[in-house]
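See below for the structure under consideration.
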Amino acid sequence: MSSLSATIQDVFNEPGCGKNANKSEAERKKGCTKQLQPGGAAGGCAFDGAKIALQPLTDVAHLVHGPIACEGNSWDNRGAKSSGSNLWRTGFTTDINETDVVFGGEKRLFKSIREIIEKYDPPAIFVYQTCVPAMIGDDIDAVCKAAREKFNKPVIPINSPGFVGPKNLGNKLAGEALLQHVIGTEEPEYTTPYDLNIIGEYNLSGELWQVKPLLDELGIRIMACISGDGKYKEVASSHRAKAAMMVCSKAMINVARKMEERYGIPFFEGSFYGIEDSSDSLREIARMLIERGAPAELMDRTEALIAREEAKAWAAIAKYKPRFQGKKVLLITGGVKSWSVVAALQEAGLELVGTSVKKSTKEDKERIKELMGQDAHMIEDMTPREMYKMLKDARADIMLSGGRSQFIALKASMPWLDINQERHHAYMGYVGMVKLVEEIDKALYNPVWAQVRKPAPWEKAGENWQSRAMAQAEAEAAALAADPVKAEEARRAKKICNCKSVELGVIEDAILANNLSTVEGVREATNASGGCGACAVRIEEILEQMVSASHAIAAE
Amino acid sequence: MATVTVSKKACSVNPLKMSQPIGGALAFMGLRGAMPLLHGSQGCTSFGLVLFTRHFKEAIPMQTTAMSEVATVLGGYENVEQAVLNIYNRTKPEIIGICSTGVTETKGDDVDGYIKLIREKNAAVAHLPIVYVSTPDFKDAFQDGWEKTVTRIVETMVDAPKSAARRDPTKINVLPGCHLTPGDLDELRTIIEDFGLEPTFLPDLAGSLDGHIPDDFTPTTIGGVGVEEISMMGQAGWTIAIGAQMQRAAEAMEQKTGVPFRLFERLCGLEANDALMAFLTEISGRPAPMKYRRQRGQLVDAMLDGHFHIGGRKLAVGAEPDLLNEIGGLLTEMGAQLLVAVTTTQSPVLQRLPTEEVMIGDLEDLENLAKAKDCDLMVTHSHGRQAASRLKIPFFRMGIPMFDRLGGGHQLMVGYRGARDLIFDISNLLMADHEDNHEPTPDSWRDGVGASHAATSH
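First to last, the sequence lines map onto chains A and B. Quick note: the first sequence, position 95, residue 95 per the numbering used here, numbers continuous. Quick note: the second sequence, position 314, residue 1314 per the numbering used here, numbers continuous.
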């Protein structure tokens, strides 16, 4: 077994993942990454994931070994911010050509490393493997080792070619590379009882700086942030921290857990999105540091700071709450921060129409469910068409999503706000929450919506495309309401599994006919959830409903 | 007469170039009801998707065969088949355009063979137009991917007319290079129509990516040239090809259908548009409409007003060959010196550029050369922003991607009007830069000759 596949297996075995611990041995081996669907997939590859996770390290030269597509099409496109070096925004790539593909690209890679050191002299170089050099057998580990010895400088191989899996896996492989080659390789100049690691935070739009002043005030030192506004040396000596906070859901749980295992650094999973989450996180940080030897008075100071900041934030938000009364939000996020955003929105008094959990881990979904209770309306694998319809039906007043789906909302003349990594605003901590509420208010009440919804002079009232589409939708709904047979047909025709194109009716029939009680049973009988597996949650819900329905009948 | 050199570095720094599969995908996006499909790992598509979304500020249809490591080694037949069927079932496209990537070209997948087999095995897609183009990432650049794809569409989708008698002299084919924006295509359409001619654009990004609001939302492209219209392009009287990159496609059209072509290497600037007007007058038999006579005057006036600011400028341009030729040419005609020209790929226009040397290189080369030659105007796509801010020189954005400014899709360059507005925009940028950074101070000339540079740049 190659070292890469061994690493992937190791990542799949993550015991820190609660979901993983409940799986059988065979299931664990299969891994937690969903199988990708040809012609139906969206989202980045493992290389993309690795780069996202590590690129915010600001003083490192990030060198992509591959054809031009991998770096040329994507460089300098992240909203992370740096307080120092801007080297991370420089695009380095070997841009391999046909000759390299035939004769191997290792020499070009080595020369590239030398050129970067000569011209830019960074504290370290991260070398990212991509599909084509992986296929032709370029051994980047060996090249990095040779370069490390020759130039006496850390040259770190990041083995995460795109075709091994999705973004999610790439995040974890990036973490493995840090654990294997970076963390613990240097010593800090000094340590304090207040040294904290923040893991899985990328400082998008400078959001970390919304929280850092609070930590500064408490005397808590961010020893290393992995990776937002991070520096190589900080990460290399981060093994001396007293405690760690894991911010970005499970994307880098392997880093947090293995640092606990190897260096005895306890960690907790927390979030700075939303007021209550921020307070909880600050408390937890204080508690952990005190447990590791910081003076107990830290907690008093923390509580005082929390009380002060909460009061300020609530006062600022209070004036918006009446304006948000009855306003519904459609949250579509492929991102790693789904559940924390949900919490933040609910604090502002907004009602959630649904949330997509595509791309987040299964654990994320559980968190969303927990937060939104029984009303959680999980919208998975939503096609643009469905998204459009949902907005058109005015079931949402505003859509919050990542950059790519915004245009559907805007074309439907619907308020929209960016909450993914391309966004321009920072929403962390107490000030960030107030900012988010402000932005939602600005979007909701912008007079532009009234303008853009006005019919053109050549359109008669009720005859523009929006009204026609709405009328059509209403007519369809009315037709269904009048005809119970058709309504039942429409209900049964609802697609549950998009990958394998399985409808609700087929699943219900299979459950009844075969007396099924598990998702696995349904999968065997109908092939539903046999693709990406994201619909398993929905099948569970169908099973629950049918079981309780049959109990009700039995009880009569 | 320019010498073409190739950067000798092993490591490309701050790429100017983008890959050819996404150039191919963009060409397919100018077709109505199209779904571009990259045969590669899902990152190949996702990077392109993000790039176009950020540039056009539109939802972009683009799919992937999602090749895994195992599929890559075993061959991608099943992935291509599944992708085609999934796209067909989910989005009901009028055409699927497949571009290969580095991943699948390294293995050497026979996609044409796959498509044949897919059609045999699946009746539903037996007659669905599927066009395949070979576009490995490790060769050529964005512009080449566009060129190959348009050529392939012509070769496979245009019908050869049954007889020359069926030819309609009022019908004109337009094959635009990828350096033209949707705004440029709209301008050209108006010009051609004003001569009583009926143009068909292939590809027609103005129909699909011009930011219009569609009557019905589709997960495929929401406009562009239709499959049927493409098949009838063989009945046109003439083909107008724009940019040297379209030579091959125009030749393919002529070879297949006998439609003669006229290639315009440039359509930005006075002479270039005079040539277009003369040609349209000739083929339509109509004199140039009054409004273009006025617009010509406006351009001449703009050139006179603008030359005070543009004249003498030391210009550094980073762009694909045809765009470089357009903007480098226009500004040279206004008295600027094209001191630094960096491009992405080979092209016959490079040797004819009004400069001594053209380098196939990256934005690090552009930055270093611009610094060495003391350039005071940089033109390239948005990725030039870091270099321009380090050099502290005015920066005009042109080309794909333009992700940090609005209106990239409507930036106008063709026609008298396009050149006029471009001259205004660039002159205004230079005037603002002068006001902000180069106003004289009592010390500007204190140290006499040779010191003025130090005083005016800071």
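Beta carbons are placed, not taken as given, at the ideal position from N, Cα and C, and that holds for glycine.
Classification of residue i by the beta-carbon crowding that lies within 10 angstroms, buried from 16 upward
i                 : result
GLU291 (chain A)  : exposed
HIS1381 (chain B) : buried
PRO457 (chain A)  : exposed
ASN1428 (chain B) : exposed
SER238 (chain A)  : buried
ILE419 (chain A)  : buried
ARG1166 (chain B) : exposed
GLU261 (chain A)  : exposed
Proximal residues of chain A, C-beta to C-beta of residue i below 9 Å
i                 : result
GLN1063 (chain B) : PRO38, GLY39, GLY40, ALA41, ALA42
VAL1084 (chain B) : PRO38, GLY39
GLN1386 (chain B) : ASP76, ASN86, ARG89, THR90
SER1019 (chain B) : PRO67, ILE68, ALA69, CYS70, GLY72, ASN73
ASN1122 (chain B) : Within 9 Å Cβ-Cβ: nothing; ASN1122 (chain B) doesn't reach chain A, min ~13 Å.
ARG1032 (chain B) : Going along chain A, no residue has its Cβ under 9 Å from ARG1032 (chain B), so there is no contact; the nearest lies around 17 Å.
ILE1022 (chain B) : ALA69, ASN73
Anticipated Cβ contact below 8 Å, residue i with residue j, distance rounded
i                 : j                 : result
GLY274 (chain A)  : GLU347 (chain A)  : 5 Å
MET252 (chain A)  : ILE226 (chain A)  : 7 Å
LYS1171 (chain B) : THR1200 (chain B) : 7 Å
ALA146 (chain A)  : LEU196 (chain A)  : That belief does not hold up - the Cβ atoms of ALA146 (chain A) and LEU196 (chain A) are roughly 36 Å apart, past 8 Å.
Residue i - DSSP class collapsed to helix/strand/coil
i                 : result
CYS1268 (chain B) : coil
ARG292 (chain A)  : coil
THR1101 (chain B) : coil
THR1441 (chain B) : coil
ILE156 (chain A)  : strand
ALA1249 (chain B) : helix
SER413 (chain A)  : coil
LEU196 (chain A)  : strand
PRO213 (chain A)  : helix
ALA6 (chain A)    : helix
TYR128 (chain A)  : strand
LEU1031 (chain B) : strand
ASN1273 (chain B) : helix
LYS145 (chain A)  : helix
GLN1298 (chain B) : helix
ILE1242 (chain B) : strand
TYR1077 (chain B) : helix
HIS425 (chain A)  : coil
TYR202 (chain A)  : coil
ALA1372 (chain B) : helix
TYR1132 (chain B) : strand
PHE1039 (chain B) : The identity of residue 1039 (chain B) in the sequence shown is His, whereas the question assumes Phe. Strand, per DSSP.
GLU284 (chain A)  : helix
GLU1069 (chain B) : helix
Contact set between residue i and chain B, taken where Cβ atoms lie within less than 9 Å
i                : result
CYS131 (chain A) : GLY1040, SER1041, GLY1043, CYS1044, MET1067, GLU1069, THR1072, THR1101, GLY1102, VAL1103, THR1106
TRP569 (chain A) : It is not possible to answer for residue 569 (chain A), since the shown part of chain A is limited to 1 through 556.
LYS111 (chain A) : LYS1009, ALA1010, CYS1011
ARG108 (chain A) : ALA1010, CYS1011
LYS460 (chain A) : Chain B residues near LYS460 (chain A): none, gap ~15 Å exceeds 9 Å.
SER501 (chain A) : ASN1086, ASN1089, ARG1090
Under 8 Å by beta carbon: chain B residues contacting residue i
i                : result
LEU63 (chain A)  : CYS1011
VAL164 (chain A) : SER1068, GLU1069
Contacts that residue i makes with chain A (C-beta to C-beta distance below 8 Å)
i                 : result
PHE1138 (chain B) : PRO67, ILE68, ILE96, ASN97, GLU98, ASP100, VAL101, VAL132
LEU1051 (chain B) : ASN73, SER74, ASN77
ASN1079 (chain B) : PRO38
PHE1047 (chain B) : GLY44, ASP48, ALA69, CYS70, ASN73, SER74
Partners in chain A for residue i, counting only beta-carbon separations shorter than 7 Å
i                 : result
GLU1058 (chain B) : PHE407
ILE1087 (chain B) : GLY39
Chain B contact residues for residue i, given Cβ-Cβ distances below 7 Å
i                : result
GLU474 (chain A) : Here the premise fails: no neighbours, minimum Cβ distance about 16 Å.
ILE116 (chain A) : CYS1011
beta-carbon residue i near the ligand NAD non-hydrogen atom, thresh 7 Å
i                 : result
LEU1369 (chain B) : As presented, the structure is devoid of all ligands, the ligand NAD included, so that no description of it is given.
message = If we require 3 or more residues per run, which beta strand (DSSP E) segments fall completely within the segment 294-334 of chain A?
response = The segment 294-334 of chain A contains these whole beta strand (DSSP E) runs: 328-332.
request  = Output the residue ranges of the alpha helix (DSSP H) runs that lie fully inside the segment 51-109 of chain A and measure 4 residues or longer, sorted by chain position.
outcome  = Listed in chain order, the complete alpha helix (DSSP H) runs (minimum 4 residues) inside the segment 51-109 of chain A are 68-72, 98-103.
message = Quick check on the DSSP output: what are the complete beta strand (DSSP E) runs of length 3 or more inside the segment 1142-1216 of chain B, in order along the chain?
response = Taking only runs of at least 3 residues, the beta strand (DSSP E) segments lying wholly in the segment 1142-1216 of chain B are 1168-1176, 1198-1201.
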